[in-house]
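**Student:** This is the structure I have questions about; it appears just below.
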Amino acid sequence: QEGTKIPSKRKENTSIITSELLYKNLLKSEQENWNDISARYKAMTKRIKENLEELHKYTFNSGSPRMRFGENVYFEENGCIFLSKADDDEENVDILFSTEDLGFSDAFIQRVRISPDQRYIALSLKSKNSEEATCVIIKLGHFPVMEKVIPNVFSFEWATNDVLYYTSQKNLKCQNVFMTTFTNQKHTKLVYTEQDARFFVDIYCTKDRRFLTINSNSKTTSEVWLVDCRHPFKLPALVQARTEGVIYHIEHRNDELYILTTYGEPAEYKLMKAPVASSGMENWQLVYAPEEKTKLVDLELFSDHCVMFLKNAGHLYLSVISFVSHSVQSLKLPMWACEFELESHPEHTTSTCYFQLTSPVHPPKRFAYSFKENNLIEQAVQEVPIITNCHTTRLLAKSKDETLVPITVFHNMNSKELHRKPLLVHVYGAYGIDLNMSFKEEKLMLIEEGWILAYCHVRGGGELGLSWHKDGCQHNKLKGLHDLKACIMLLHELGFSQPKYTALAAASAGGVLAGALCNTDPELIRAMVLQAPFVDVLNTMMKTHLPLTIEEQEEWGNPLADEKCMEYIRSYCPYENIKTQCYPSVFITAYENDQRIPLTGVLRYVQKLRKAALDHASRTSNKGNWIPNIILDIQANGSHCDLSWEDSLNEVARHLAFLNKELE
C-alpha cells in the first residue's frame, strides 16, 4: 500500500542477531543451572545405573532378528554382521565385518538388506547425532569390499542381484527414489519424485520378492507404485491413484495383490485383494475385516497362509487365514503380552511363523506358530534371574463424554497397601500411534522396587483403530486431555497410589497432553518427566519453514489458514496456558540437535513455567508452600528420542533419580 514504510534490512538482521543472542544466553543459563543441581542426584543416579547394567546383562536380547537365506543365517550384534548355518549351534559363527572395519566406528546399524544371490549386503549406518543415515554397499567374499557409499538414505531394497532402489532423505523429508546398478555398467538414475510436501516416500519388497513397492504416504492418504523385480528397468506401475482419506499397503501372492487398507466402511484396516493386471480400487475384493473395536495391527504373507496380528481392548490375538482350506483360525496370545515383533525376513514357503512377544516388564520371548498343528510353541530362552511376581490389570476409565478409555496397569503381586506405592503414568495420544509398550529394563526394576506402572491408551493414539486417532486429533485434541484426567482419577479411586506419590511420563508429542494436564489439573500429580517434549504447539505450527509443519497440519490443523483452529490450539497448548499456580516438579530432557522439536520452544516453556511457579510460591510463602523443581537437561548428543544404549541408560537413571527424590 502507498505510504507503507518498507522495513529496513538492517532492522531485520538486528532482530535475528538479538534472538540468536537471547537463545545462546538462555541455553547457557540452563546448562549452568543443570550443572549446579545435578550434584544432588549423583549418588542415586549411580546406584540406578548399576542396577540397570546388571539387569541388562540378562535381558539383552541375544535373539537379534535373524535373516534366513536357505541354509545361511545372517544377524547383527554390537555393530558386527555375523553368518551362521541354520542347523549349527550358536558357537559356530563367522564374523563378516564390523562398522569399525568400514570406518564408521561411532555409528550403529539400522537396517540390513542382502541381495538375493547373497553377493552384496546393503546396510544403513546412523550416528547418534543425526536423523540421516548413510547406506553402505559391501561385496561379500573372503575379503569383503566396500563398493559404494550413499549419504542421506532412508529406505532401500534389492530389486535383483545387482540393482538397488533407495530413497534419499533431506530435512526429515523423503521425496525421491533412485535406482543404482552394480553390473559392469554402473549407473544411478532418479525413478520417482513426490511433489506434495505432506507425503513421505519409502520402499518395501514383497515377501515373495516379486515386486518392490514405492509407497507415498501422508498422515491420512497413500499411493503405491510397483517395480517388477523381473524387469527392474521398466517404469513403475501405479496400483491406485491417491484418494483423500484412503491408506493402503501392498503384498503379493500368485499374481494377486493383497491390500491392507482403510478403504470402505468402516474406515478401519481390513485385508482386500485384486489381480495385478487390474489393480484399481473398483476391483478390490474383501478377504478379511476384523470385528468392531478390533484393530488389525500387522500381517505377514506366506505361500499358503496369511498371519494377522489383532488387538482388542489391550489383548493380542493371532488370526491365520489358510489359502488352501479357506478357513480362519484364531488364537488368543498370553495375557501379559502387549507388543509383538515378527522375525525379519521369514522365508515365504516356511511351515512355521516366528515372532516375539513382550511387555514393558517382560523381556522378549520367542514363539513359533505351526500352520500344520495350529498351535503356539514357546521357544526356550535364558530366564531373567529375578523372581518378578508381576500382575497385569486392564481397566476402563469413563471420560468426560462417557467414552471408555483403556488403561494397562502393572504392579508387584507381593505389594501391600498399593495406595502408598509410587505410581508412574505413561501417555502419548497422537498420530494414531500406540503407546510404546516394548520391554525396558527400568520398568522391570521399578516393579521390583514396588512401583505401579500405568499406561493410558487415550484418544489420538491408535490402540482402538483409526477412529480412536480421529477422535483425538485436530479439533478433538482436548478429548485426549479429558481421557488422561479420567484415567489418573480412576487409578487413585481404585487405590492405585495417590496424587503425592504420582508421576507422569511422556515423550515427544506426548508432551502436549502431559503439559496440558499440568496446567489444568496440577494437583493430580507430584512430578513429571518429559523427553524432547512438544510443548509450544501454536508457535511451531505457525512456522511453515520448519521441516515438518506442513505435513503435521493433518494432526494439529492449520492455524495460519483458520482462525478457529488457532484459538483451539491456543486453548490446550502447554506453553500458552501456563499460569501462576502450584505446579508439580518437572524434569525435561531436550537435545541440541533435535530437528523435530525446536529447542527454542522448550527453552521458552521452561522459563515461563519456572517464573509462574516462583511467582505463586512468593505470593503464598507464608502458607508453607513447597517450590517445585523445574529442571531442563540439554544433551549435546542424541537426536530426537533416538539414543544409544549408553546415552539412554544415563538419561533414564537421571529421570528415575529425580522421581525418587520428588516422590520421597
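With UniProt numbering, letter number 517 in the sequence shown gets 517, and the count goes up by one each step, no holes. Quick reminder that beta carbons are idealized off the backbone N, C-alpha and C, glycines included.
How far does the beta strand (DSSP E) with T188 in it extend, from its first residue to its last?
**Tutor:** Where T188 is concerned, the enclosing beta strand (DSSP E) stretches over T188 to T193.
**Student:** Considering V512, what are the terminal residues of the beta strand (DSSP E) in which it resides?
**Tutor:** Per DSSP, V512 belongs to no beta strand (DSSP E); it is in the alpha helix (DSSP H), G510 to T520.
**Student:** Within 10 angstroms of its Cβ, does S62 collect 16 or more other Cβ (buried), or is it exposed?
**Tutor:** Low local confidence applies: a pLDDT of 49 at S62 is under 50, so the model's placement there is unreliable, and no value is given.
**Student:** Within 10 angstroms of the Cβ of I95, are there 16 or more other Cβ atoms? Answer buried if so, exposed if not.
**Tutor:** Exposed.
**Student:** Going by beta carbon distance, what residues of the same chain come within less than 7 Å of L331, once the five residues before and after it are set aside?
**Tutor:** The answer, listed in chain order, is Y317, L318 and L376.
**Student:** Identify which residue in T358, A612 and L599 has its Cα closest to the Cα of P522.
**Tutor:** When only C-alpha atoms are compared, the closest one is A612.
**Student:** Check the DSSP bridge columns for T352 and list the partner residues they point to.
**Tutor:** The partner list for T352 (beta bridge, DSSP) reads S370.
**Student:** Can you tell me whether DSSP reads F75 as helix, strand or coil?
**Tutor:** Strand, per DSSP.
**Student:** Just the Cα atoms here: how many angstroms apart are I387 and F182?
**Tutor:** With a pLDDT of 48 at I387, under the threshold of 50, the predicted position of this residue should be treated as unreliable, though the coordinate-derived value follows. I387 and F182: Cα-Cα distance of roughly 53 Å.
**Student:** Give the range of the beta strand (DSSP E) segment to which M541 is assigned.
**Tutor:** Taken as a continuous stretch (DSSP letters only), M541 belongs to no beta strand (DSSP E), being part of the alpha helix (DSSP H) at V537 to M541.
**Student:** Hey, is the segment 652 to 662 in contact with the segment 40 to 54, meaning 3+ C-beta pairs nearer than 8 Å?
**Tutor:** Enough Cβ pairs lie closer than 8 Å, so yes.
**Student:** In the DSSP assignment, the alpha helix (DSSP H) including C80 goes from what residue to what residue?
**Tutor:** No alpha helix (DSSP H) holds C80; the beta strand (DSSP E) holding it covers C80 to K85.
**Student:** Just the C-alpha distance for K28 and N35, rounded to the nearest angstrom, thanks.
**Tutor:** So the two alpha carbons sit approximately 11 Å from each other.
**Student:** Under the three-state reduction of DSSP, which class applies to R459: helix, strand or coil?
**Tutor:** Reduced to three states, the DSSP call for R459 is strand.
**Student:** So what does DSSP say about K128, is it helix, strand or coil?
**Tutor:** In the structure shown, K128 sits in coil (DSSP, three-state: anything other than H, G, I, E or B).
**Student:** Quick one: which unbroken beta strand (DSSP E) runs of 3-plus residues sit fully inside the segment 285 to 351? Chain order, please.
**Tutor:** Qualifying beta strand (DSSP E) stretches, in chain order: 285 to 288, 294 to 301, 305 to 312, 315 to 322, 328 to 332 and 339 to 342.
**Student:** Using the Cβ count rule (16 or more neighbours within 10 Å means buried), how would you classify Q185?
**Tutor:** Per the 10 Å Cβ criterion, exposed.
**Student:** Out of L102, F199, S84 and I247, which one is the CA nearest neighbour of E551?
**Tutor:** Ranking L102, F199, S84 and I247 by Cα distance to E551 puts F199 first.
**Student:** Tell whether a beta-carbon distance below 8 Å holds between I569 and V537.
**Tutor:** Closer than 8 Å, so yes.
**Student:** Beta-carbon separation of V427 and G510 under 8 Å?
**Tutor:** A contact, by the Cβ cut-off of 8 Å.
**Student:** CA-CA distance, C80 and Q110?
**Tutor:** If you take the alpha carbons of C80 and Q110, they lie about 12 Å apart.
**Student:** So, are the CB atoms of G429 and G465 less than 8 Å apart?
**Tutor:** It is not a contact, given that the beta carbons lie outside the stated cut-off.
**Student:** Please list, in chain order, all residues of the same chain as V297 whose beta carbon is under 6 Å from its beta carbon, the five residues on each side excluded.
**Tutor:** Cβ within range, chain order: F309 and K311.
**Student:** Taking 8 Å as the threshold (beta carbon to beta carbon), is T183 in contact with chain D?
**Tutor:** No chain D is present in this structure, which holds just one protein chain.
**Student:** Rounded to whole angstroms, how far is the Cβ of L599 from the Cβ of L172, which I believe are closer than 8 Å?
**Tutor:** No, L599 and L172 are not in contact; Cβ-Cβ is about 15 Å, not under 8 Å.
**Student:** Would a C-beta distance cut-off of 8 Å place L446 and L424 closer than the cut-off?
**Tutor:** Contact: yes.
**Student:** Do P334 and M437 have their beta-carbon atoms positioned less than 8 Å apart in this structure?
**Tutor:** No, the Cβ-Cβ distance between M437 and P334 is not below 8 Å.
**Student:** Here's the rule: buried if 16 or more other CB atoms are within 10 angstroms of the residue's CB, otherwise exposed. What is Q195?
**Tutor:** With fewer than 16 Cβ atoms within 10 Å of its Cβ, Q195 is classed as exposed.
**Student:** Rounded to whole angstroms, what is the Cα-Cα separation between I6 and S19?
**Tutor:** Per-residue confidence for I6 stands at a pLDDT of 39, beneath the threshold of 50, marking its modelled position as unreliable; the derived number appears in the next sentence. If you take the alpha carbons of I6 and S19, they lie about 21 Å apart.
**Student:** Could you please give the first and the last residue of the uninterrupted beta strand (DSSP E) stretch that includes H252?
**Tutor:** Note, H252: beta strand (DSSP E), Y248 to R253.
**Student:** Name the two residues that bound the continuous alpha helix (DSSP H) containing Y568.
**Tutor:** Its alpha helix (DSSP H) spans residues E563 to Y572.
**Student:** Note down, in chain order, each residue of its chain lying with its Cβ closer than 8 Å to the Cβ of G314, except the 5 sequence neighbours on either side.
**Tutor:** These residues qualify, in order along the chain: C338, R394, P406, T408, H457 and E463.
**Student:** For K661, which of helix, strand or coil comes out of DSSP?
**Tutor:** Helix.
**Student:** The beta strand (DSSP E) with Y258 in it runs from where to where?
**Tutor:** Where Y258 is concerned, the enclosing beta strand (DSSP E) stretches over E256 to T261.
**Student:** Name the DSSP bridge partner or partners of I150?
**Tutor:** Bridge partners of I150: C135.
**Student:** Taking 8 Å as the threshold, find out whether the segment 150 to 160 comes into contact with the segment 199 to 216 through three or more Cβ pairs.
**Tutor:** Yes, the segment 150 to 160 touches the segment 199 to 216.
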